[in-house]
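Residue numbers (the working numbering), protein chains in the order written: chain R, -6 to 312; chain L, 501 to 663.
Beta carbons are placed, not taken as given, at the ideal position from N, Cα and C, and that holds for glycine.
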Amino acid sequence: MNDVLAAVLEALAVLTYVALNAFVLIWLERKIAGHIQRRIGPLRVGGPGGSLQSLADGIKLFSKEDFRPGGRDGIIWWLAPLVSMTPAVMVFIAIPFGQHLIIHDMNIGLIYITSITSFGLLGVFMAGWGSNNKYSLLGAMRAGAQLFSYEIPAILSTIGVVLAAGSLSLETIVAKQSAHWFLFPQILGFIVFYVAILAETNRTPFDLAEAESELVGGYFTEYSGIRWAMFPFAEYGTLFTGCALATTLFLGGWHGPLFLPGWVWFLIKTYILVFIAMWIRWTLPRVRIDQLMDLGWKFLIPLSLINILGTGAYIALVR
Amino acid sequence: MSLPRTVWNTVKSLVVGHAVTAREIATRPITVFYPEEKPEFPTGSRSVPVLKVNEESGYINCTSCGLCERTCPPGCIEITQAVDPATNKKKPWPHLYTLDLSHCMVCNLCVEACPFDALEMLDVPELATYQVQDLKFHKEQLLDLWKTGKAIRIAEGQPMPSK
Ligand code: SF4
Ligand code: SF4
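Quick look at the structure:
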């Protein structure tokens, strides 16, 4: 009984955090976009700087008509937003926010996360197929190609860290970084990993799957209201977990030089990475599909292999 | 292009591009929080033509010559000349002067046509209403409007002295 209660509470805590996080990130993204374009961004709703804008948007999305496209593939169309959102939420379980601030420390935490995040692709593809719309399907095809090709460098780039730490448990990986972060010995891995998570979250310059100018809305063209909202929700959740994972693997997780609580350090580092991702989004133009594939297969994968080779050689020869 | 060169160009353009956007974040936005905060209009900006009050006589300069009415391309201006009821003679001022701003295109032609310096372009653009009829302004309303703005004579490029 207690186990069930604990699980329910954990799930509630995670869901609340994911929702709050998405609200804050969406507001932040719009603010940053505004200031980069020398606008002021949302300003009217709520406290300073329109900080409750996302809440107002959420209420609006809830009250919108639940539009269903004709000729849709009923159950697949209906399930797709859930399938793409669930992995984004599930990943939070294995992320160590602080020394003992982790919901479940698994000894295969990294494998758990990488395997769960690849389920997001399923949701995207279901949305594209179920909508009975050429734009959706094209967007989903692109997303499929993109996620497949960037999953590989993302996983390969973490292997260097795993070799250095000698563990797949994220708690242990962070604990191993108390003296020095893995960022510098693993700088290649970090770059590859960061680019790969940008691509996996479908953000500009890799937002081919939802390229507004050519595909209307990509795979979620046919969704509206709160069903639609689940896709950006999942996207921002994945962005956060991607950056949190980068912090855990390369930036020393909860370790920090000053006497702040560990989770504060963790969140600071993660949100800096999130900010950089947003900065990149509003700076770079979208790449072409062939450039995207070239970058993934001809550049990131060899780079991550070199990284593994280097780390392996170092461990074999020096230790 | 060779690989090192490609990599170098990529890195260089990434750094330069992000420096540009970082600078934009740091500079002050050019848009404002509109109704609460008003933007500054550049000198010479104009909204709609209004009738001007002669500073000396205290009344409008218009002599009801009808040139503006004939000049206006969309035909927004409608003038009825004043008539002395006793003698039935025409008077040199308008009885009715109606400007339908709903289709005024702010071309400034009426101001240029007026030989008596009776019209002026207003610089207050906030004239939106819910009813299109409300955009039909009469003589008195135009005078009131004129008082709200700090109108500018385009020909001289200088603001009028304060009213
Ligand atoms: S500004 Fe142009 S359109 Fe407007 S009243 Fe004058 S002549 Fe007509
Ligand atoms: S041109 Fe000038 S003087 Fe003549 S009717 Fe128009 S506003 Fe009056």
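DSSP has residue i in a bridge; who is on the other side?
i: Met286 of chain R; result: Per DSSP, none; premise fails for Met286 of chain R.
i: Thr598 of chain L; result: L:Glu578
i: Pro254 of chain R; result: DSSP lists no partner for Pro254 of chain R.
i: Leu551 of chain L; result: L:Leu619
i: Lys590 of chain L; result: L:Val583
Is there at least one non-hydrogen atom of ligand 1 closer than 7 Å to the beta-carbon of residue i?
i: Val209 of chain R; result: no
i: Ile560 of chain L; result: no
i: Leu627 of chain L; result: no
i: Leu599 of chain L; result: yes
i: Ile577 of chain L; result: yes
i: Leu609 of chain L; result: yes
i: Thr571 of chain L; result: yes
i: Pro594 of chain L; result: no
i: Val606 of chain L; result: yes
i: Pro35 of chain R; result: no
i: Pro542 of chain L; result: no
i: Pro74 of chain R; result: no
i: Pro549 of chain L; result: yes
i: Pro574 of chain L; result: yes
Kindly list, in the order they appear in chain R, the residues whose Cβ is closer than 8 Å to that of residue i.
i: Glu524 of chain L; result: His28, Ile29, Gln30 and Arg31
i: Pro529 of chain L; result: Gly27, His28, Arg31, Arg32 and Ile33
Below 9 Å on C-beta distance, what does residue i contact in chain R?
i: Pro504 of chain L; result: Ordered by position in chain R, no residue passes the 9 Å Cβ test against Pro504 of chain L, which lies about 13 Å from the chain.
i: Phe533 of chain L; result: Ile33, Leu36 and Arg37
Which of the three DSSP states is assigned to residue i in this structure?
i: Leu5 of chain R; result: helix
i: Ile560 of chain L; result: strand
i: Tyr10 of chain R; result: helix
i: Lys647 of chain L; result: helix
i: Phe637 of chain L; result: strand
i: Val632 of chain L; result: helix
i: Arg274 of chain R; result: helix
i: Leu176 of chain R; result: coil
i: Arg281 of chain R; result: coil
i: Ala655 of chain L; result: Unreliable positioning characterises Ala655 of chain L in this predicted model, as indicated by a pLDDT of 44, which lies under 50. The coordinate reading is nonetheless provided below. Three-state result, Ala655 of chain L: coil.
i: Pro661 of chain L; result: Low local confidence applies: a pLDDT of 45 at Pro661 of chain L is under 50, so the model's placement there is unreliable, with the coordinate-based value given in what follows. Of the three classes helix, strand and coil, the one that applies to Pro661 of chain L here is coil, per DSSP.
i: His248 of chain R; result: coil
i: Leu45 of chain R; result: coil
i: Gln30 of chain R; result: coil
i: Met99 of chain R; result: coil
i: Phe125 of chain R; result: For clarity, residue 125 of chain R is Asn in the given sequence; the question names Phe instead. Coil.
i: Phe541 of chain L; result: coil
i: Tyr143 of chain R; result: helix
How close, in whole Å, do the beta carbons of residue i and residue j come, if the pair is a contact with beta carbons under 8 Å?
i: Gly313 of chain R; j: Phe259 of chain R; result: It is not possible to answer for residue 313 of chain R, since the shown part of chain R is limited to -6 through 312.
i: Leu551 of chain L; j: Lys636 of chain L; result: Not quite, the Cβ-Cβ distance comes to about 14 Å (not below 8 Å), so this is no contact.
i: Leu19 of chain R; j: Ser47 of chain R; result: According to the sequence displayed, residue 19 of chain R carries Ile and not Leu. Indeed, because the Cβ distance is near 5 Å, the residues count as touching under 8 Å.
i: Gln139 of chain R; j: Leu285 of chain R; result: 6 Å
i: Tyr143 of chain R; j: Ala189 of chain R; result: 5 Å
i: Cys604 of chain L; j: Pro574 of chain L; result: 7 Å
i: Met78 of chain R; j: Phe226 of chain R; result: 6 Å
Can we count residue i as close to ligand 2, meaning its CB is less than 7 Å from some heavy atom?
i: Gly566 of chain L; result: yes
i: Ala613 of chain L; result: yes
i: Leu619 of chain L; result: yes
i: Leu637 of chain L; result: Going by the sequence as given, residue 637 of chain L is Phe instead of Leu. For ligand 2, not one heavy atom lies less than 7 Å from the Cβ of Phe637 of chain L.
i: Thr580 of chain L; result: no
i: Phe616 of chain L; result: yes
i: Thr648 of chain L; result: no
i: Thr587 of chain L; result: no
I want to verify the contact list: residues of chain R whose CB lies under 7 Å from the CB of residue i, in sequence order.
i: Thr543 of chain L; result: Residues of chain R passing the Cβ test: none, with the nearest at roughly 22 Å.
Under 7 Å Cβ-Cβ, which residues of chain L neighbour residue i?
i: Trp272 of chain R; result: His518 and Thr521
i: Trp275 of chain R; result: Thr521
Are the C-beta of residue i and some C-beta of chain C separated by less than 8 Å?
i: Gly246 of chain R; result: This model lacks chain C altogether, as its protein chains are R and L.
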